[in-house]
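Q: One structure follows; several queries about it will come next.
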Amino acid sequence: MRHKSLEESLLDLEQDGQLVRIKEAVDPYLEMAALHLRVFEMGGPALLFENVIGSKFRTASNIFGTLARSKFLFRDTIAQTGQVIKLKNDPMKALKKPFKHLQTGLAAWNALPKQYSHLPNNFEKIKISDIPQIHHWPMDGGAFITLPQVYSEDIDKPGVMNANLGMYRVQLSGNKYIPNEEIGLHYQIHRGIGVHQQKANKKGQPLKVSIFIGGLPSHTLSAVMPLPEGLSELTFAGLLGGRRFRYSYEDGYCISHDADFVITGDIYPNETKPEGPFGDHLGYYSLTHPFPVMKVRQVYAKRNAIWPFTVVGRPPQEDTAFGDLIHELTDEAMPSEVPGVKEVHALDAAGVHPLLFAIGYERYTPYQSLKQPAEILTVANRILGTGQLSLAKYLFIAAQEQQAISTHKESEFLTYMLERLNLKRDIHFQTNTTIDTLDYSGTGLNTGSKVVFAACGSPVRALCKEVPAVFKALNGFENPQLALPGVVILQTKAFESYQQVRAEMERLNTLLHEADDIAQVPLIILADDAAFTAKNLKNFLWVTFTRSNPSHDIHGINSFYEHKHWGCDSLVIDARVKPHHAPPLVPDPEVTAKTDRFFEKGGSLAHLKNK
């Protein structure tokens with residue numbers, strides 16, 4: 000079905016039993032987010048809040064809460080959209096078989112944006128304070144937009160076909176923002192809007208920005224899509240939505256006619272204000288830092304507009320379903336985007352950006368006697384230099400060989416890697432480099448390190464299937480747990496300083512360096528809570544890769560340097576919480592308890608109570 004509005008999309012979900020209307024009055028301060036989190040965890044429906052305290056507008060959440068729901072919304076267009084993405088990477092297919100791909104070409108043509116001369120009649124001017132002020136986590140600095148479509152144009156190449164549409168969080172209130180006059184924009188250094196702002200700054204001009212909220216679900220998804228070079232987000236939005244993106248200009252600002260809300264304004268050169276804290280998708284708060292401030296020009300709302308939102312936090316959350324759908328649409332395009340790669344998987348459980356699994360082709364060694372990573376090291380550099388993949392800290396890359404492996408079978412892939420890694424040869428660091436803005440494991444904002452683990456060939460070790468005896472009698476290292484074959488978690492005292500760690504590593508090395516069965520344990524994790532870390536794969540991935548900075552927190556048993564290369568016999572990752580880390584997200588228990596009323600008899604969600 001090709002929807003014409005957000006409301007039409009929600010009615011479609013309701014008719015299919017995938018949406019529930021919340022008729023009770025709901026507080027946008029924490030309660031609305033707490034209810035969303037609870038329903039998402041249950042695998043529940045999309046929610047339409049009809050009575051929002053402090054605002055006349057309705058809100059909706061969990062719209063993309065499952066992959067099946069997302070695919071249902073785009074059921075009539077998703078197949079052709081995937082075909083267009085494939086053709087964008089291999090246009091010869093269309094030239095060789097033009098009639099076979101005729102419908103795909105027509106779909107792409109019909110997706111081109113359509114300009115109008117004036118605003119729609121059903122738009123009204125409102126204020127920022129009229130918008131539902133949704134406060135998601137207890138320590139958040141104010142109300143935030145969590146599903147924005149932030150639109151900006153290249154000052155040297157104006158127009159929608161060269162524009163950028165991105166999902167950058169927006170702070171509506173709090174901190175030092177002047178109410179109704181200023182809002183905050185937070186975006187990472189590699190984003191398209193940053194390039195646009197830099198160009199405007201050099202000319203001493205403000206950057207005109209429009210923020211669209213709501214509209215067709217395809218518009219929301221397009222703002223987070225890693226599209227092939229030259230494929231416009233607005234074209235993709237029309238393609239996936241089956242409806243051309245409709246827009247006009249008002250005082251030089253682009254206005255989406257399909258959006259439920261539009262905020263226009265300017266970012267002036269070198270003007271920043273403190274933004275944050277904000278509970279983010281790594282499962283921790285991103286802290287307060289100076290980010291661009293947007294001077295609000297106008298705020299528009301469609302008649303009977305609906306404000307969509309989500310809640311981000313420790314994965315999995317609703318944005319996990321975004322990632323799953325993106326993978327389905329773009330996975331086959333990856334080899335064209337990054338030559339030499341078969342597949343790349345950003346692990347949601349580790350917060351997406353910190354950890355990548357990849358498979359590449361190894362064609363540089365035609366002689367069977369030489370079996371060591373070569374081409375996949377080149378592929379690794381390509382991966383770490385591509386778009387959002389460049390934010391990764393840890394990259395595990397294996398060569399594609401006769402044995403079938405998949406990066407999406409996460410425990411199996413990691414086991415495959417650990418069986419084959421030559422820890423004296425196959426560890427490659429990049430230090431003093433950029434990482435995710437939201438990741439506080441590094442040495443400063445955007446600053447940290449990366450490491451590549453590359454493996455090919457036959458296994459070089461057998462992995463232990465239970466904790467070896469030597470780990471059960473280590474003074475100062477307690478409660479050993481097996482997280483995966485060959486991966487032992489050790490619990491030790493809280494991290495105090497890196498000087499303390501050096502002494503701990505010397506002691507651990509003394510205890511283990513001559514142990515016979517240490518060869519079966521290529522990976523040792525130091526944790527604050529070994530039982531929690533080893534409880535399941537998700538805990539292991541989250542703790543290990545969100546709480547460590549490779550250059551500072553990787554150590555080794557029998558480690559050495561040779562010609563500036565570092566290696567070891569067994570790898571040690573210190574995944575304890577450090578003083579400079581951001582605090583983890585913890586819901587307010589009183590607010591969570593208040594949401595019980597929705598599930599009690601007569602409540603809007605009573606039918607979910609026993610599910």
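Under numbering that gives the first Met the number 0, the first residue of the sequence shown is numbered 0, with each subsequent residue one higher.
Where a beta carbon is used, it is the ideal one built from N, C-alpha and C, also for glycine.
Only a predicted model underlies this, so the values are computations on that prediction, with no experimental measurement involved.
1) Can you give me the Cβ contacts of GLU30 inside the same chain, cut-off strictly under 8 Å, excluding the 5 residues immediately before and after it?
2) Apply the 10 Å Cβ neighbour rule to ASN50 and answer buried if 16 or more other Cβ atoms are within range, or exposed otherwise.
3) Of the residues LYS423, SER440, THR491, which one's Cα is nearest the Cα of HIS564?
4) Buried or exposed, going by whether 16 or more other CB atoms sit within 10 Å of the CB of HIS512?
5) Quick one: what does DSSP say TRP541 is sitting in, helix, strand or coil?
6) Is it right to say ARG242 is buried, meaning 16 or more other beta carbons lie within 10 angstroms of its own, or is it exposed?
7) From GLU465 to LEU481, what does the alpha carbon distance come to, in whole angstroms?
8) Tell me whether the segment 551-567 and the segment 511-529 touch, counting them as touching only if at least three CB pairs, one residue from each stretch, are closer than 8 Å.
9) With distances taken between CB atoms, is the gap from VAL310 to HIS35 smaller than 7 Å?
10) Assuming SER448 and ASN548 form a contact by the criterion Cβ under 8 Å, report the distance between their Cβ atoms to the nearest whole angstrom.
11) From LEU281 to GLY43, what does the alpha carbon distance come to, in whole angstroms?
12) Rounding to the nearest angstrom, what Cα-Cα distance links ASN179 and ILE266 in this structure?
13) So, helix, strand or coil for GLY566, using DSSP?
14) Measure from the alpha carbon of ARG613 to the alpha carbon of each residue in LEU324, LYS534, HIS135, GLN387, then state which is nearest.
15) Taking PRO615 as part of the alpha helix (DSSP H), name the residues at either end of that continuous run.
16) Suppose you measure from the CA of VAL208 to the CA of ALA349; what does that come to, to the nearest Å?
17) Measuring straight from C-alpha to C-alpha, what distance separates GLY384 and LEU355?
18) Which class does GLY443 belong to by DSSP, given the choice of helix, strand or coil?
19) I'd like to know whether the C-beta atoms of GLN148 and ALA222 end up nearer to each other than 7 Å.
20) Starting from GLY237 and walking both ways along the alpha helix (DSSP H), at which residues does that stretch end?
21) For PRO289 and GLU181, what's the separation of their Cα atoms in angstroms?
22) Could you tell me the alpha carbon to alpha carbon distance between ALA110 and GLN82, rounded to whole angstroms?
23) With distances taken from CA atoms, which of ASP435, PHE56, PHE277 is nearest ILE127?
24) Might you give, ordered along the chain, the residues of its own chain that have their beta carbon closer than 7 Å to the beta carbon of ALA24, omitting 5 neighbours on each side?
25) In angstroms, rounded to a whole number, what distance separates the CA positions of ASN474 and LEU522?
26) Indicate the three-state DSSP secondary structure (helix, strand or coil) for MET293 in the structure shown.
27) What do you reckon, are the CB atoms on PHE476 and VAL450 nearer than 7 Å?
28) Can you tell me which of TYR283, VAL340, VAL500, GLN196 puts its alpha carbon nearest to the alpha carbon of ARG269?
29) Return the chain-ordered list of same chain residues with a C-beta closer than 7 Å to the C-beta of LEU47, the five sequence neighbours on each side being excluded.
A: In this structure, then:
1) What you label residue 30 is simply residue 31 of the sequence shown in a count that begins at 1. Within the same chain, GLU30 has close Cβ partners VAL590, LYS593, THR594.
2) For the purposes of this step, residue 50 is identified with residue 51 of the sequence shown, where counting begins at 1. Flag for ASN50 reads exposed.
3) Against the sequence shown, residue 564 aligns to sequence position 565. Nearest of LYS423, SER440, THR491 to HIS564, Cα basis: LYS423.
4) Position 513 of the sequence shown, counted from the first residue, corresponds to residue 512. HIS512 should be labelled exposed.
5) The sequence position of residue 541 within the sequence shown is 542, counting from 1. Residue state, collapsed to three classes: helix.
6) On the sequence shown, residue 242 is found 243 positions in, with the first residue counted as 1. When all chains shown are included, ARG242 counts as buried.
7) Residue numbering aside, residue 465 sits at position 466 when the sequence shown is read from its first letter. Residue numbering aside, residue 481 sits at position 482 when the sequence shown is read from its first letter. So the alpha carbons of these two residues sit roughly 6 Å apart.
8) yes
9) As a position in the sequence shown, residue 310 is number 311, starting the count at 1. As a position in the sequence shown, residue 35 is number 36, starting the count at 1. Result yes, Cβ atoms of VAL310 and HIS35 sit closer than 7 Å.
10) Position 449 of the sequence shown holds residue 448. Position 549 of the sequence shown holds residue 548. Sure, about 6 Å apart at Cβ, within 8 Å.
11) In the sequence shown, the residue the question calls residue 281 occupies position 282. In the sequence shown, the residue the question calls residue 43 occupies position 44. Whole-angstrom Cα-Cα distance: 23 Å.
12) For this step, residue 179 is matched to residue 180 along the sequence shown. For this step, residue 266 is matched to residue 267 along the sequence shown. Each residue's Cα considered, the two are about 15 Å apart.
13) Numbered from its first residue, the sequence shown carries residue 566 at position 567. The answer is strand: DSSP assigns GLY566 an E or B state.
14) Summary: the structure shown does not reach residue 613, with the chain confined to residues 0 through 610, and so no result is reported for it.
15) This structure gives no information on residue 615, because the portion of the chain shown stretches from 0 to 610.
16) As a first step, residue 208 is located in the sequence shown; it is residue number 209 there, counting from the start. As a first step, residue 349 is located in the sequence shown; it is residue number 350 there, counting from the start. Rounded to the nearest angstrom, the two C-alpha atoms are 32 Å apart.
17) Locating residue 384 in the sequence shown gives position 385, where the first residue counts as 1. Locating residue 355 in the sequence shown gives position 356, where the first residue counts as 1. Rounded to whole angstroms, GLY384 to LEU355 spans 13 Å at the Cα level.
18) Here residue 443 refers to the residue found at position 444 of the sequence shown. DSSP places GLY443 in strand when its eight states are reduced to three.
19) One-based indexing of the sequence shown puts residue 148 at position 149. One-based indexing of the sequence shown puts residue 222 at position 223. Yes. Within cutoff.
20) As a working note, residue 237 is residue 238 in the sequence shown. GLY237 -> alpha helix (DSSP H) spans 232-240.
21) On the sequence shown, residue 289 is found 290 positions in, with the first residue counted as 1. On the sequence shown, residue 181 is found 182 positions in, with the first residue counted as 1. Approximately 14 Å between the Cα atoms of the pair.
22) Locating residue 110 in the sequence shown gives position 111, counting from the first residue. Locating residue 82 in the sequence shown gives position 83, counting from the first residue. Using only the alpha carbons, I get a separation of about 14 Å.
23) Start at 1 with the first residue of the sequence shown, and residue 127 comes out as number 128. Closest by alpha carbon: PHE56.
24) Position 25 of the sequence shown holds residue 24. Closer than 7 Å at the Cβ level, and outside the excluded window around ALA24, lie ASN50, ILE52.
25) Locating residue 474 in the sequence shown gives position 475, where the first residue counts as 1. Locating residue 522 in the sequence shown gives position 523, where the first residue counts as 1. Computed Cα separation, rounded: 19 Å.
26) For the purposes of this step, residue 293 is identified with residue 294 of the sequence shown, where counting begins at 1. Three-state DSSP puts MET293 in a strand.
27) Locating residue 476 in the sequence shown gives position 477, counting from the first residue. Locating residue 450 in the sequence shown gives position 451, counting from the first residue. The answer is no: Cβ separation not under 7 Å.
28) Position 270 of the sequence shown, counted from the start, is the residue given in the question as residue 269. Checking the sequence, you will find Asn at residue 269 rather than Arg. Considering only alpha carbons, the answer is GLN196.
29) Against the sequence shown, residue 47 aligns to sequence position 48. Around LEU47: LEU9, LEU18, ARG20, ILE21, ARG57, ALA59.
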